[in-house]
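See structure below.
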Amino acid sequence: MSNYDTDVFMPIFDAIQQATGARAYSGKVGTDDVDGVDMAYRVVADHIRTLSFAIADGSCPGNEGREYVLRRILRRAVRYGSEVLKAQEGFFNGLVNVVVKVMGDVFPELKRNEEHIRETIAAEEASFGKTLLKGIERFKKAAQEVEGKVLRGQDAFVLWDTYGFPLDLTQLMAEERGLRVDVEGFDNAMDEARERSRNAQTKQSGGAIVMDAEATSALHKKGVSATDDSFKFIWFEDHESVIKAIYNGSEFLESAAAAIEVGIVMESTSFYAEQGGQIFDTGVLEGPFGSFQVCNVQIFGGFIVHIGSLTGASGRFSVGEKVTCKVDYDRRKLIAPNHTCTHMLNFALREVLGNHVDQKGSIVLPEKLRFDFSHGKPVDPELLRKIESIVNEQIKDKLGVFAKEVTLAEAKQINGLRAVFGEVYPDPVRVVSIGRKVEDLLANPENEEWLSTSAELCGGTHITNTQEAKAFALLSEEGIAKGIRRITAVTTDGAFKAMELARALEQEVDEASKADGCLLEKKVASLKTRVDSALIPAAKKADIRAKISVLQIKVRKAQKKIAEENMQKAVEVATEMAEVASSDGKAFCISHVDVGLDAAAVREAVLKVLEQKGISAMVFSTDETTNKVVVCAGVPEKLDKGKGLEVSEWLTTALGPLKGRCGKGKGGLATGQGTDASHLDEAIGLATTFAQMKLR
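Here it is as structure tokens:
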């Protein structure tokens with residue numbers, strides 16, 4: 005008995021059958037599942053559960069990280085439903101209702117969020133549905149043109165880029181045809197597309213202004229000097245400046261009106277322009293014209309471009325006007341601890357994994373930080389725990405964060421100084437150190453003690469003391485390329501939230517361990533899904549998963565025991581009934597056993613009657629909770645193939661009053677399921693009459 009042959013999945017299977025009109029689920033796997041229908045049932049049912057719980061917990065299908073995992077899951081399920089089960093567009097979100105009915109009492113968050121879950125899945129399903137059929141046709145065409153049983157990487161990329169087919173979905177479809185995908189070719193096509201995107205990009209985070217070399221050269225010719233941005237390190241103070249140029253993306257203007265997005269170049273600025281992985285500042289420029297909303301700040305050839313537009317419906321600003329820079333320091337306060345923690349993380353990685361670790365990139369946002377580093381294999385959860393602990397210890401120790409501008413030559417002399425390989429640094433350069441003043445490092449640059457100090461070349465904005473970060477939670481560690489790993493983490497309130505969620509989930513797992521039977525099974529299934537998608541510390545996630553694994557073993561043992569007991573009970577009842585029927589000279593027997601919807605037990609009972617008594621048999625078993633019935637019929641092959649009792653006809657007759665149907669029988673055996681067990685007596689009567697008539 006598998007996890008799918010339980011009360012958790014059977015109602016979902018029934019809903020899938022009603023929505024698609026496919027044959028009933030029969031539990032076949034591997035080569036026995038010739039048409040792949042049972043596999044499709046399992047995929048669709050499993051994925052609708054996974055998505056329902058993930059969305060109820062706050063996740064949402066998207067383009068990156070865990071959000072993209074959810075999108076891949078959804079599209080895989082929709083493809084199985086459409087291509088294998090022949091479902092109509094929109095069927096998938098309709099299954100949310102049955103998930104809520106089955107599990108909503110135990111997990112009330114499903115009931116609370118039912119509409120949101122359905123709407124989210126419906127929107128994703130509709131989006132993918134627009135390209136699904138065309139994508140399948142495109143795949144079929146590409147599959148017909150393969151050479152050496154390898155689907156071209158470029159074709160896989162087109163399916164991803166144009167039709168929204170995740171790579172693993174294309175690989176699955178290829179495997180079904182005995183093909184494999186050229187993954188390296190796919191990666192190359194992806195890299196080329198990214199490069200084209202970077203080169204052609206004209207829009208980024210609300211700012212559509214890009215200043216090319218010709219434009220910066222024009223500024224130099226106008227006598228405009230590079231922007232002085234040294235004031236970006238001063239916090240909570242307004243800064244006075246002068247507009248030196250206005251650029252609309254194609255030409256320079258002397259003035260600009262409201263509702264027009266432009267880039268403003270000033271003599272000096274307190275805004276931080278996006279660079280070194282740190283996101284740009286936002287805020288406003290105030291002047292006689294009113295307020296100019298700055299939504300993006302970029303640097304081109306030393307000129308800092310403040311991108312945005314006037315906030316009012318009217319007004320005009322001009323070159324030469326004085327402005328007051330008002331940075332959104334509340335937003336910067338969210339960014340700064342994340343940036344400082346990338347430095348502490350860099351230090352901790354080197355401490356735990358070794359000196360081979362080099363920074364390969366980073367992104368510092370208000371809500372999180374991302375850090376890429378060189379390392380040849382996944383980082384063990386216990387090592388992640390140590391890394392996280394080192395950062396939190398530095399926060400707890402309330403270390404000062406110091407910065408000083410020095411010559412590049414001086415900076416390079418500092419023992420243990422970290423820099424990003426391939427990055428071009430200015431001269432002089434800014435050194436940021438944690439726990440020791442930069443002056444101390446410069447006074448004795450070769451000191452071995454500095455190997456235990458975080459010191460980096462950095463032009464970003466930081467907190468002044470590590471305690472301002474409050475806490476650090478390492479959420480994930482994953483590979484992004486050969487030899488390159490990526491860590492995603494959060495600080496301050498985001499870290500506290502992640503830790504609290506981890507504690508709550510672990511408590512739920514501990515409480516679930518006290519449950520038994522069906523309740524334990526439901527809780528374990530839900531908790532696994534929720535923990536997998538939860539934004540909690542990675543090391544703690546590994547701990548919780550280990551506890552869930554123990555409970556899964558307990559569930560499987562209980563399922564196995566129940567399956568064995570059901571099998572024994574069903575066989576005993578059916579064979580006893582067959583013994584009586586055989587003694588009375590009857591050529592068939594009909595039994596009603598009490599094993600719920602355990603189709604495997606019912607089937608085994610029929611097989612035993614055929615084997616031991618050689619007479620036709622039909623066995624029913626009902627489930628009071630769902631009012632459903634599972635039925636199996638068996639006929640000796642000589643009767644099934646001849647003019648006697650045909651097994652599928654016999655079973656179809658019995659399933660009529662039960663509002664059920666069955667698949668085509670094979671080898672004298674057929675199984676079906678009914679949705680109305682209240683008419684069981686009528687079904688048994690019809691089956692008896694039919695058999696008597698055929699076996700005269």
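Residue numbers (our numbering): 5 to 700. Even for Gly, the Cβ is constructed at its ideal location relative to N, Cα and C.
Tell me, which residues are paired with residue i by DSSP?
| i | result |
| --- | --- |
| Tyr276 | Partner(s): none; Tyr276 has no beta bridge. |
| Leu478 | Ala493 |
| Lys326 | Val246 |
| Tyr72 | Partner(s): none; Tyr72 has no beta bridge. |
| Tyr29 | Paired residue(s): none; Tyr29 is not in a bridge. |
| Gly94 | According to DSSP, Gly94 bridges with nothing at all. |
| Gln556 | For Gln556, which the question treats as bridged, DSSP gives no partner whatsoever. |
| Glu151 | Val154 |
| His596 | Phe624 |
| Met270 | Ile247 |
| Ile367 | Arg374 |
Taking the straight line between their C-alpha atoms, what separation do you get for residue i and residue j?
| i | j | result |
| --- | --- | --- |
| Asp547 | Val554 | 11 Å |
| Ala519 | Ile557 | 14 Å |
| Met194 | Ala178 | 19 Å |
| Val309 | Asp285 | 12 Å |
| Val513 | Val528 | 8 Å |
| Glu702 | Ile247 | Residue 702 is absent from the structure shown; the chain starts at 5 and stops at 700. |
| Ser209 | Leu369 | With a pLDDT of only 44 at Ser209, under the threshold of 50, the placement of this residue in the model should not be trusted; the figure read from the coordinates follows. Straight-line Cα distance between these residues: approximately 12 Å. |
| Gly294 | Asn67 | 38 Å |
| Met5 | Ala19 | With a pLDDT of only 48 at Met5, under the threshold of 50, the placement of this residue in the model should not be trusted, and no figure is reported. |
| Gly667 | Gln572 | 26 Å |
| Asp588 | Gly664 | 31 Å |
| Leu690 | Thr657 | 7 Å |
| Val214 | Val82 | 40 Å |
| Gly365 | Val424 | 7 Å |
| Lys698 | Lys526 | 45 Å |
| Asp438 | Thr166 | Sequence inspection shows Ile at residue 438; the Asp mentioned does not correspond to that position. One C-alpha to the other measures close to 47 Å. |
| Asn192 | Val73 | 22 Å |
| Leu155 | Pro170 | 15 Å |
| Thr206 | Leu523 | With a pLDDT of only 44 at Thr206, under 50, the local geometry of the prediction cannot be trusted, and the value read off the model is given with reservation. Thr206 and Leu523: Cα-Cα distance of roughly 54 Å. |
| Gly487 | Gln21 | 46 Å |
| Leu684 | Ala582 | 19 Å |
| Pro385 | Leu539 | 15 Å |
| Tyr333 | Cys64 | 29 Å |
I'd like the span of the beta strand (DSSP E) that includes residue i, first residue to last.
| i | result |
| --- | --- |
| Ala263 | Element bounds for Ala263: n/a, residue is neither H nor E. |
| Glu409 | 405 to 410 |
| Ala459 | 458 to 461 |
| Ile303 | 294 to 304 |
| Leu373 | 373 to 378 |
| His310 | 307 to 314 |
| Lys225 | Careful: Lys225 lies outside any beta strand (DSSP E), inside the alpha helix (DSSP H) at 217 to 225. |
Beta carbon of residue i, beta carbon of residue j: below 8 Å?
| i | j | result |
| --- | --- | --- |
| Arg184 | Leu163 | no |
| Phe190 | Lys236 | no |
| Arg181 | Ala160 | no |
| Val383 | Arg507 | no |
| His466 | Ala340 | yes |
| Ile121 | Ser56 | yes |
| Lys1 | Thr135 | There is no way to answer for residue 1, as the model of the chain reaches only from 5 to 700. |
| Ala58 | Asn117 | no |
| Leu446 | Glu409 | no |
| Cys299 | Phe476 | no |
| Val599 | Gly638 | no |
| Gly291 | Val327 | yes |
Along the chain, where does the alpha helix (DSSP H) that runs through residue i open and close?
| i | result |
| --- | --- |
| Asp165 | 157 to 167 |
| Asn342 | 333 to 357 |
| Leu388 | 385 to 400 |
| Ser530 | 521 to 537 |
| Leu611 | 603 to 617 |
| Ile688 | 684 to 698 |
| Thr675 | Note, Thr675: premise wrong, no alpha helix (DSSP H); beta strand (DSSP E) at 673 to 678. |
| Ser4 | Because residue 4 is not part of the residues shown, which for the chain are 5 to 700, the question remains open. |
Consider the C-beta atom of residue i and the heavy atoms of the ligand ADP; say whether any pair is separated by less than 7 Å.
| i | result |
| --- | --- |
| His343 | Here there are no bound small molecules, and the ligand ADP is not part of this structure. |
Quick check: the region 221 to 239 against the region 302 to 317, are at least 3 beta-carbon pairs closer than 8 Å? yes
When the Cβ atoms of the region 386 to 403 are set against those of the region 426 to 437, are three or more pairs found closer than 8 Å? Pairwise C-beta distances place the region 386 to 403 out of contact with the region 426 to 437, as fewer than three of them are shorter than 8 Å.
Say whether the region 31 to 46 touches the region 622 to 631, bearing in mind that this needs 3 or more beta-carbon pairs closer than 8 Å, one atom from each stretch. no
Answer yes if the region 105 to 118 comes into contact with the region 75 to 83, meaning at least three C-beta pairs across the two stretches below 8 Å, and no otherwise. no
If we count Cβ pairs, one from each stretch, closer than 8 Å, do we get three or more for the region 569 to 584 versus the region 90 to 109? no
With a cut-off of 8 Å, do at least 3 Cβ pairs link the region 456 to 470 to the region 343 to 358? yes
Evaluate the contact criterion for the region 484 to 500 versus the region 257 to 268: three or more CB pairs, one atom per stretch, below 8 Å. Between the region 484 to 500 and the region 257 to 268, the count of C-beta pairs closer than 8 Å stays below three; the two stretches do not touch.
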